[in-house]
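So the sequence shown is numbered by this note's numbering: it starts at -5 and just counts up by one.
Ideal Cβ placement from N, Cα and C applies to all residues, glycine included.
Small disclaimer: the values here were computed from a predicted structure and weren't measured.
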Amino acid sequence: MTNSDTFSPKPRDVAAATGLLTRLPVRVDSDWAAARGADAAWAYPLVGLILGVIGALTAVICGWFGLAEGLAAGLVLVALAVVTGALHEDGLADCADGFWGGWDKARRLDIMKDSRIGAYGVLALIFAVGLKWAALAEAFAAGWLWGSVLVPAVISRAAMVVVMHALPHARRDGLSQSVGRAKREVAIGAVAIAGVVALVFAGWVAIWAGVVAAAVTLAVMALARAKIAGQTGDVLGATQQVVEIAVLLVIAAAG
């Protein structure tokens, strides 16, 4: 990762971020991406925008075939899970298992690194998918198609960058450690991009979505500090999932 104190966004950061956060077939110079590290994190919301477009187009196609809102919402979630490789869902499950399955920091980190899933992780995934499905279906029924998919995807990935900046690494290895901590300017850039996209696609609802997302992000950071004294890749994934659900609920309530 770069040691430069100067933040300078690069167009290739979008490809690097896409290659890291999705399974999309993008061409990435791995050496260059590794050198950029967390400096490319400003582009995470743009990855969310790409994913949001894929999800929204899935919903549009479902509409062409006359599928009900609930079925469309389910297929959107399937499409997004396939495209992302369920990366963030895995982080949520690992955090649920580790945070509530271990008695101290070392044990919690060990559990989070374990590839096996426990009861807490299973329940976290059930609740997460269920809430997203119900909120999306309600938003679709209220006429929120593009905004209900794009806005949560973008804001939740900006929240990841905020956590990358605010919290130290909880362990000396892993994906988050290899990427590095985001500079303040990188986090501000990510939040600004997410804010603009949210305002375009959600109007005044974006304000409430931003407030709720900020509160939820702070809560996740406080929990991560208390449980493991920092952040990991799993914590970032859990942040994305929880913030996405929170924003979806705001949009569904506004519908």
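Item to check | Alpha-carbon to alpha-carbon, ALA135 and VAL244 | outcome: 15 Å
Next on the checklist: In whole angstroms, give me the CA-to-CA distance for GLY224 and ASP167.
Outcome noted: 13 Å
Item to check | Contacting residues, own chain, Cβ-Cβ under 7 Å from LEU69 (five flanking each side not counted) | outcome: THR52, CYS56
Item to check | First and last residue of the uninterrupted alpha helix (DSSP H) at HIS159 | outcome: 140 to 160
Checklist entry - Comparing alpha-carbon positions, which option in SER109, LEU161, SER142 lies nearest ALA50? => result SER142
Checklist entry - If you drop the 5 nearest sequence neighbours on each side, which residues of the same chain put their C-beta closer than 6 Å to that of ALA208? => result none
Item to check | Touching by the beta-carbon criterion (3+ pairs, under 8 Å), the segment 118 to 129 and the segment 2 to 21 | outcome: no
Item to check | Uninterrupted alpha helix (DSSP H) stretches inside the segment 0 to 78 (no shorter than 4 residues) | outcome: 6 to 15, 24 to 30, 38 to 58, 63 to 78
Checklist entry - What residues in its chain sit with their C-beta under 7 Å from that of GLU132, if we drop five residues either side in the sequence? => result ALA246, GLY249
Checklist entry - What number of angstroms, rounded off, separates the C-alpha of VAL190 from the C-alpha of LEU144? => result 12 Å
Item to check | Short Cβ contact (9 Å threshold) for ALA192 with ALA203 | outcome: yes
Checklist entry - Which residues mark the beginning and the end of the alpha helix (DSSP H) in which HIS82 is found? => result 81 to 95
Checklist entry - With a Cβ-Cβ cutoff of 9 Å, do ALA147 and TRP36 count as a contact? => result no
Checklist entry - Among SER2, ILE48, LEU43, which has the Cα closest to the Cα of GLY31? => result SER2
Checklist entry - Between which two residues does the alpha helix (DSSP H) containing ARG175 stretch? => result It is not in any alpha helix (DSSP H) - ARG175 carries neither H nor E in the DSSP assignment.
Checklist entry - Since THR78 and ARG165 are thought to touch, with beta carbons under 8 Å apart, how far apart are those beta carbons, to the nearest angstrom? => result Rounded, the Cβ-Cβ distance is 23 Å, inconsistent with contact.
Item to check | Straight-line gap, LEU139 to LEU130 (C-alpha atoms, nearest Å) | outcome: 9 Å
Item to check | Where the alpha helix (DSSP H) containing GLN234 begins and where it ends | outcome: 227 to 248
Item to check | Beta-carbon separation (whole angstroms), PRO39 vs ILE182, contact threshold 8 Å | outcome: So it is not a contact: roughly 12 Å between Cβ atoms.
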